[in-house]
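Each residue of the sequence shown is one higher than the one before, counting from 1 in the UniProt record's numbering.
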Amino acid sequence: MVEAATRLFIRDGYVSTTVGAIASEAGVAVQSLYVGFGSKLGVLSAAFDIAIVGDTRPIPLLDRDWWKELAAAPTGPHALQIFVNEVCGILARTQGLYAVIRAAAASEVGELLVENKRQRYDGVRAVATQLRSKPGFAPEIGIDVAADLLYALATEDSWGLLVGDRGWSSETWNRWCVTLLSSTLFPGGQDHL
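Here it is in structure tokens:
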């Protein structure tokens, strides 16, 4: 059901996609969608959550293997590479649905966007806290500014502008993001990736 809904949301937009169309595309009864998700917004929310983590396993993003690898990384630039690799995957998976959510932000979907931004900031703040513990972290930056930099640079917006609009490859965006963040948060430590 979620895959069918994702296809329709991306193709037709949130407002134009009906619960009936989702049910038809998925080959299920409309009632099945309401039982499983509660509403069309519930389907969109589930689709976005699955796109973020990349699968349907009920494991929060910060309990996944990449987080453990980041925490165990010996250097800040190495930890940043792990973070940006994960973000690259998330952005590639969520780009279409994020555009749907932004386009429908004036409707009930706006709450989903606000919640996503809150969760994303909480996540990058946890990453910033880990980065601060790595050797070479610029002490004058602090956790708040580090979190703000991660929040501003590793986003759907920068991904969309550079990969979507300007034609950068995912690898080029990844390198750019890691280089920029490493040079700011770990000046002098870029050669330790």
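We treat Cβ as the ideally placed atom computed from N, Cα and C, and that holds for glycine.
Original post:
Relative to the C-alpha of L150, which residue among G27, E86, D12 is closest?
Top reply: Closest by alpha carbon: E86.
Subject >> Burial state of G110, where buried means 16 or more other Cβ atoms lie within 10 Å >> reply: Under this definition G110 is an exposed residue.
Subject >> Own chain residues within Cβ distance below 6 Å of L80, not counting five before or after >> reply: Spatial neighbours of L80 in its own chain (CB-CB distance under 6 Å, excluding positions within 5 residues in sequence) are listed in chain order as V178, L181, S182.
Original post:
Quick one: Cα of H192 to Cα of S133, how far?
Top reply: Unreliable placement is indicated for H192, whose pLDDT of 47 sits below 50; the coordinate value is still reported in the next sentence. Straight-line Cα distance between these residues: approximately 16 Å.
**OP:** Excluding the 5 residues preceding and the 5 following E108 in the sequence, name in chain order all residues of the same chain whose CB lies nearer than 8 Å to its CB.
**Re:** Counting only residues of its own chain and dropping the five nearest sequence neighbours on each side, E108 has a CB closer than 8 Å to the CB of L41.
Original post:
Which residue spans inside the region 125-166 form an unbroken alpha helix (DSSP H) run of at least 4?
Top reply: Note on the region 125-166: whole alpha helix (DSSP H) runs with a minimum of 4 residues are 142-153, 156-159, in chain order.
Subject >> 8 Å Cβ cutoff met for W168 and Q95 >> reply: Going by C-beta atoms, W168 is not nearer than 8 Å to Q95.
Subject >> Collapsed DSSP secondary structure at E115 in the structure displayed >> reply: In the structure shown, the three-state DSSP call for E115 is helix.
Subject >> Limits of the unbroken alpha helix (DSSP H) element including A23 >> reply: Taken as a continuous stretch (DSSP letters only), the alpha helix (DSSP H) holding A23 covers 19-26.
Original post:
Are M1 and G36 close, meaning C-beta to C-beta below 8 Å?
Top reply: In this structure, G36 lies closer than 8 Å to M1 by Cβ.
**OP:** Between the Cα of I52 and those of S24, R120, Q31, spot the shortest distance and give me the residue it belongs to.
**Re:** R120 is the residue among S24, R120, Q31 whose C-alpha sits nearest the C-alpha of I52.
Original post:
So the alpha helix (DSSP H) Y34 belongs to, where does it begin and stop?
Top reply: 30-37 is the span of the alpha helix (DSSP H), which, as asked, contains Y34.
Original post:
Between A5 and the rest of its own chain, which residues show a CB-CB distance below 6 Å, the 5 nearest in sequence each way excluded?
Top reply: Within its own chain, the residues whose Cβ lies closer than 6 Å to the Cβ of A5, once the five positions on either side in sequence are excluded, are I22, V43, A47, listed in chain order.
**OP:** Report yes if the CB atom of G20 is closer than 8 Å to the CB atom of V30, and no otherwise.
**Re:** Closer than 8 Å, so yes.
Original post:
Whole-angstrom Cβ separation of F9 and L112, contact assumed at under 8 Å?
Top reply: Incorrect: roughly 12 Å between the Cβ atoms, too far for contact.
Original post:
Along the chain, where does the alpha helix (DSSP H) that runs through E171 open and close?
Top reply: DSSP places E171 inside the alpha helix (DSSP H), whose first and last residues are 170-185.
Subject >> Reduced DSSP secondary structure (H/G/I, E/B, other) of I90 >> reply: Secondary structure of I90 (DSSP, three-state): helix.
Subject >> Three-way DSSP call (helix, strand, coil) for P74 in this model >> reply: Correct three-state label for P74: coil.
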